[in-house]
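Q: Supplied in structure tokens, the structure appears directly below.
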Amino acid sequence: MTNAPDPDPGSGTAVDPVCGMLVDPSVALARNLHVRHDNRDFYFCARGCKLDFEEDPGHYLDPGYKPSM
Ligand SMILES: [Zn+2]
Numbered sequence: 001m002t003n004a005p006d007p008d009p010g011s012g013t014a015v016d017p018v019c020g021m022l023v024d025p026s027v028a029l030a031r032n033l034h035v036r037h038d039n040r041d042f043y044f045c046a047r048g049c050k051l052d053f054e055e056d057p058g059h060y061l062d063p064g065y066k067p068s069m
């Protein structure tokens, strides 16, 4: 992540909790890469990340977890 423009806060950018990538929620929704968990919405860059998250959401929501590709 070098020279990446800062995401505009409130512009609808979400962070994939599994890999840390920025995703556009509208794109994720269109591709069915969205999970609602614990009253929060999560968006993913790809199906693999979504499946990993669904398998063990607590693991990825743990503050000690560091997203990585
Ligand atoms: Zn991802």
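Going by the working numbering, the sequence shown opens with residue 1, and the numbers climb by one from there. Don't be surprised by glycine CBs; every beta carbon is placed ideally from N, CA and C.
Quick check on R36: does DSSP put it in helix, strand or coil?
A: Strand.
Q: Helix, strand or coil for R23? Go by DSSP, reduced to three states.
A: Looking at the sequence itself, residue 23 is Val, so the reference to Arg does not match. Looking at V23 - three-state DSSP - the assignment turns out to be strand.
Q: Secondary structure at Y43, three-state DSSP: helix, strand or coil?
A: Correct three-state label for Y43: strand.
Q: Name all residues in chain order for which at least one heavy atom of ligand 1 lies closer than 6 Å to the residue's CB.
A: My final list is D16, V18, C19, M21, F44, C45, A46 and C49.
Q: What's the C-alpha gap between D62 and F53?
A: Cα to Cα, the separation comes out at about 12 Å.
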